[in-house]
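Engineer:
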Amino acid sequence: MEDRPGNLKVAQQNWEKWEQEVESGQELAQEGDVVYWRGNLKVAQQNWEKWEQEVESGQELAQEGDVVYWRGAKGEPWQVAVVLAVQVVYEPSSGPHGWIYLQSLVKTPETGVFDADEEAEMDQVEPVSLDGVNWAFASKAEAVGAQAWKVSPPEQQYYTFEYDLGLWAFGALQVIKDRRSGTLKTCKAVEKMRLFDVQQVGDRLRRLKDIHHPMISGVLDILEDSQHFFIISPHAAGGDVGDWLDRLAADEEVLEEETCARYVAQVLSALVHCHSCGLFHDDLRASSVLLTSREADARVLVGDVGVLAAMGIGSKDGHIADLRSVGMLALAMLLGLPPSQVEEDLERHLVSGELWSTRSQEAFDFVQMLLEENPEFTASLALCHPWLRNVLLRPGLADDLAREDSLRRLACYQVALLLIPVEMAQRDLERMLADFHRLDKDGDGLLASRQGMQLLLARGACQQSSEVAIGVVDVRGCGTLDFSAVAAAALMVNLLKDGLMKHRVDDIWCCLQKSFFQVYSSDKLSADRSCVLEKVSNSVGDLLENHGAVEFEEFLDAFDDDICEDSLLPKLTESAGHGTPLALFEFGFLAEAGAADQTSQTLGFLASTAPVGNQFDDGKLSIADPWLIASMLSVVLYPLDQAGVVSQASGEHANVFVLLFTDDIFRGLASQLQATGFSYFVYFGAYTSLKIRFRTPQLPQSLADLFAASLAGMLGVMLANPLWVATTRLKIGKATGAGLWEEIAVICVEEGPGALWNGVSSSMLLVANPAIQFVMYDLLKRNFCKQPTPSALEAFVAGAVAKSFATGTTYPLQVAQTRQRIRHTNGASMGILDCLLEVIVVSGFTALYAGIEAKLLQTVLNSALMFMFFEKLLASLDHLSAWRQRRLKRGSRIGHSN
């Protein structure tokens, strides 16, 4: 037998010599060895079958005489065979490749040994573990190599195969053991042949190792061989929610609603973290929601995060698709149905009273809200829903301990809020607010904990101090922070910068309590409530109230006149966040059992899905405000409007200042106020509702706003045109009736009801005017305003520019509209084109812009002032509404307890 480089012996059988060229140092399995191999083989012949397998340098192959357990492909039956020969050829261009010749064998019952040409029975081969590698033994003396994945060196030495779990979307799914720790892991195979860009996918998959969160089954390692990627992740001993739901459905059992809420909250917490990283799941389903145990209190781990995106096949729906998946998951858990059945008849499951009879109204509202696919609704807002108000995401703590722990964190948060107006400078808080809005890219008024950390680190805080502070203000542990929480965390870092990471929550409380009495007490033993209220009522306190949804007066109502050291913590615990954003959720998880129904009625954002702190349950405020503002501005600027209409009707460029001093300059003012108020009421209400529905990830925001504004304008035109026909005639002195409603009645009698819609065609086209105006205003506000709520000057300038552009482009249509309205015949007989041609022929081309000077002065000032007042007044009214709602809730809560 001839020696070869790499200590290779030539295998022989029946005096046939098989030679193999190898690189120096390469070691191959030898004759008689028991080997661990994979059979990625293609059938070439029957009986004496020829199998071809490409291998990498250093890979171990079965050799002549080995008895192996193999199958040609997934899904084919396992077979037992003996290796007749192996031929491997090494070529510099392609590397080692070759063939394995096999003969099928079975173990016969009579002899107990293998023989050929019989059908194999799979139960004759039993898996056995030998030296950390799985084998199958056909008998005590004959080893059979079990097919399994072989990973590239040196990682292959770390993991050993345990058992198959089945298949997933991209390949096989197995459980493996980490030899270093003895822990089980999950290994998912991804076939490279199914990928478009293997190198890019590999890089993206490796980046997923940087995603860490307590509720995410993250990627621990990415291994690969010539044909697969292997995604190594933690093994969930409890299986997945999909399997659990199938078992419950088979046993006709359902989950308790509290368990459903806890699981859903954990999934949302994981999504908040992912979305803040710009990463979406895109394939969230019950099978990807894993459980750490089979107990009801198991912790949830969301698996496969970012895998589809890494492979370049993720959807473009972003967070909308993820939230809809959460809604489907919640629906399946609440109704006790297998996930496959929920999708099949979704509408019936949502309306079935029998299925929902044992579930709360809040649970139904939650599911319905997520399935609406509102682009402005986020995972952070979903976590604030009343259905999840009782959920505390504190892994490792029993319910009673978690509640006590959260109460102490809440007290720390509240004291920090009381210290901010005294301990922090206004400019510092304003910069923090600007940074908050910059990081809040989805505009929901909430940041993920990761983003809150980012903000604190940018202010110079150390990593460990920031982590401790964020952990304290995240009272429920859900991973979302509003502005008041971030400000409180920043204050904690400033006060406790010396070794904050070493402090427990109790230590932090003691430090904050000490600071409170140092600031608000002369003797450092007790503080006067009125004195505290006076000190927090400064510019910093106002900023925190306006942008942090904090109401200090309500906050301090929990205390007696004298606040002493012994009463501070008990009173704060009793108030449970009253006067802070937590009060918006009826004190969250601390709500009294009887207050549950009240909570769902008092949360305004549940109906509007607007950011927390910006909308409240009295939604009429945001629709009625424009009527009030527009009416006041109409009175002030009415003479300019009157001058413009007179010029449009006559076709002459009259001197604006001469027209302003005529006797009848305020003629038709009462009609104008009624028509203006009604028009703005309809327009603002419709536009505000429609733009939420039109904004989707597939449609640019400006285009969505344009569609919404156009439809709102058309609705306003159809409803308000009769008022404007009568008003126009009253303004230029061609009316028969004495007032608006009398003139409408006269027109109906003398000219027919159709005359009330004279000029409606021009008005429909003029829908473009407010559409252009509002879209332009929103565009300017988004791109040039530094904060979501613009300053008075910013709102004034943006409103003026938007209206100037809109008026200049549509003014000829306004001239045609006026001419059609004042005609005492049905305007349908004279179209827009005929009207414009008549103006040009009779008065010249310049008549198309007659009165534009007055109109620009009137509309530009009107619009600029209206937007300026609207932004500021709406903010004030929202703040007042929030204060009023909290007073009402507090009164109802006290009444309930009495």
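Residue numbering for the sequence shown follows the numbering used here, beginning at -4 and increasing consecutively. Cβ coordinates follow ideal geometry from the N, Cα and C atoms, glycine included.
Helix, strand or coil for Val249, going by three-state DSSP, please let me know.
Structural biologist: DSSP places Val249 in coil when its eight states are reduced to three.
Engineer: Mind checking which residues open and close the beta strand (DSSP E) that includes Glu186?
Structural biologist: Segment Leu179 to Glu186, the beta strand (DSSP E) holding Glu186.
Engineer: Using alpha carbons as the reference points, say which of Arg433, Leu366, Val170 and Glu290 lies closest to Arg777.
Structural biologist: Answer by Cα proximity: Arg433.
Engineer: Do Thr722 and Gln812 have their beta-carbon atoms positioned less than 7 Å apart in this structure?
Structural biologist: Their beta carbons are not under 7 Å apart, which means Gln812 does not touch Thr722 by this criterion.
Engineer: To the nearest angstrom, how far is it from the Cα of Leu378 to the Cα of Asn385?
Structural biologist: The alpha-carbon atoms of Leu378 and Asn385 are separated by roughly 11 Å.
Engineer: Using only the alpha-carbon positions, how far apart do Gln40 and Val170 sit?
Structural biologist: Its pLDDT being 26, under 50, Gln40 is placed unreliably by the model, and nothing is read from it.
Engineer: Just checking my contact of Val527 with Ile558 at CB under 8 Å: how many whole Å lie between their CB atoms?
Structural biologist: Confirmed, about 7 Å.
Engineer: So, under 8 Å CB-CB, Arg816 and Val720 are touching, yes? Tell me the CB distance rounded to an integer number of Å.
Structural biologist: About 5 Å separates the two Cβ atoms, so the contact holds.
Engineer: Just verifying my parser: in three-state terms, what is the DSSP assignment at Trp351?
Structural biologist: Three-state DSSP puts Trp351 in coil, outside helix and strand.
Engineer: Taking three-plus beta-carbon pairs below 8 Å as touching, is the segment 234 to 253 in contact with the segment 447 to 455?
Structural biologist: No: the two stretches stay apart, fewer than three of their Cβ pairs being nearer than 8 Å.
Engineer: In terms of DSSP beta bridges, what is Phe165 paired with?
Structural biologist: The partner list for Phe165 (beta bridge, DSSP) is empty, contrary to what the question assumes.
Engineer: Touching or not, the segment 153 to 167 and the segment 177 to 190, by the rule of three or more beta carbon pairs under 8 Å?
Structural biologist: At 8 Å Cβ cutoff, the stretches touch.
Engineer: Near Val834, which residues of its chain fall below 8 Å by C-beta distance, leaving aside the five closest residues on each side in sequence?
Structural biologist: Contacts found: Gly646, Val810, Ala811, Arg814, Ala842 and Leu843.
Engineer: In angstroms, rounded to a whole number, what distance separates the CA positions of Ala910 and Ala232?
Structural biologist: The shown model of the chain, from -4 to 893, leaves out residue 910, and the question about it has no answer.
Engineer: Given Leu250, which residues of its chain have a CB within under 6 Å of its CB, disregarding the five upstream and five downstream residues?
Structural biologist: So the qualifying residues of the chain are Met328.
Engineer: Can you give me the C-alpha to C-alpha distance between Leu775 and Glu418, rounded to a whole angstrom?
Structural biologist: The straight-line gap from Cα to Cα measures roughly 36 Å.
Engineer: Can you say whether Ser335 is buried or exposed, counting buried as having 16 or more other CB atoms within 10 angstroms of its CB?
Structural biologist: The residue in question, Ser335, is exposed, as its Cβ has fewer than 16 Cβ neighbours within 10 Å.
Engineer: Quick check: the segment 352 to 368 against the segment 312 to 319, are there 3 or more CB pairs under 8 Å?
Structural biologist: In short, these stretches touch, since the Cβ pair count reaches three.
Engineer: In angstroms with no decimal places, state the Cα-to-Cα distance between Ser521 and Gly273.
Structural biologist: Their Cα atoms are separated by approximately 48 Å.
Engineer: Could you give the residue range of the beta strand (DSSP E) that holds Leu286?
Structural biologist: Run containing Leu286: Val284 to Leu286, per the beta strand (DSSP E) assignment.
Engineer: Using 8 Å as the Cβ pair cut-off and three pairs as the minimum, do the segment 186 to 205 and the segment 285 to 293 touch?
Structural biologist: Result no; under three Cβ-Cβ pairs closer than 8 Å.
Engineer: So, using beta-carbon positions, are Gly443 and Gly474 closer together than 7 Å?
Structural biologist: The amino acid at residue 443 is misidentified as Gly; the sequence shows Ala. Contact: yes.
Engineer: Just verifying my parser: in three-state terms, what is the DSSP assignment at Pro209?
Structural biologist: Coil.
Engineer: Does the beta-carbon of Val158 have 16 or more other beta-carbons within 10 angstroms, so that it is buried, or is it exposed?
Structural biologist: According to the sequence as given, residue 158 is Tyr; it is not Val. Exposed, since its Cβ has fewer than 16 Cβ neighbours within 10 Å.
Engineer: Phe550 lies in the beta strand (DSSP E); which residues open and close that run?
Structural biologist: Taken as a continuous stretch (DSSP letters only), Phe550 belongs to no beta strand (DSSP E), being part of the alpha helix (DSSP H) at Phe547 to Leu551.
Engineer: By the 10 Å Cβ neighbour count, where 16 or more other Cβ atoms means buried, how is Phe191 classified, buried or exposed?
Structural biologist: That one is exposed.
Engineer: Look up Ile558 in the DSSP assignment and say whether it is helix, strand or coil.
Structural biologist: The answer is strand: DSSP assigns Ile558 an E or B state.
Engineer: Determine the closest residue to Arg403 out of Asp437, Arg471, Ala420 and Arg426, with distance taken between C-alpha atoms.
Structural biologist: Comparing Cα-Cα distances from Arg403 to each of Asp437, Arg471, Ala420 and Arg426, the minimum goes to Arg471.
Engineer: Leu303: which of Arg499, Ile226, Pro765 and Lys686 sits nearest, CA to CA?
Structural biologist: For the residues Arg499, Ile226, Pro765 and Lys686, the minimum Cα distance to Leu303 belongs to Ile226.
Engineer: Just confirm the distance between the C-beta atoms of Phe689 and Phe679, as a whole number of angstroms; I'd bet it's less than 8 Å.
Structural biologist: Their Cβ separation, rounded to whole angstroms, is 16 Å, which puts Phe689 and Phe679 out of contact at 8 Å.
Engineer: So, do the segment 785 to 800 and the segment 851 to 860 have three or more beta carbon pairs nearer to each other than 8 Å?
Structural biologist: Cβ pair count under 8 Å is three or more, so yes.
Engineer: Since Gln409 and Leu538 are thought to touch, with beta carbons under 8 Å apart, how far apart are those beta carbons, to the nearest angstrom?
Structural biologist: About 18 Å separates the two Cβ atoms, so there is no contact after all.
Engineer: Tell me the residue span of the beta strand (DSSP E) that contains His223.
Structural biologist: Counting along the chain, the beta strand (DSSP E) containing His223 begins and ends at His223 to Pro229.
Engineer: For the segment 474 to 550, list the beta strand (DSSP E) runs that are entirely contained and at least 3 residues long, ordered along the chain.
Structural biologist: Fully enclosed beta strand (DSSP E) runs of 3 or longer: 521 to 523.
Engineer: Tell me whether Thr155 sits in a helix, a strand or coil according to DSSP, three-state version.
Structural biologist: Correct three-state label for Thr155: strand.
Engineer: Decide if Cys255 is buried, meaning its Cβ has at least 16 other Cβ atoms within 10 Å, or exposed.
Structural biologist: Flag for Cys255 reads buried.
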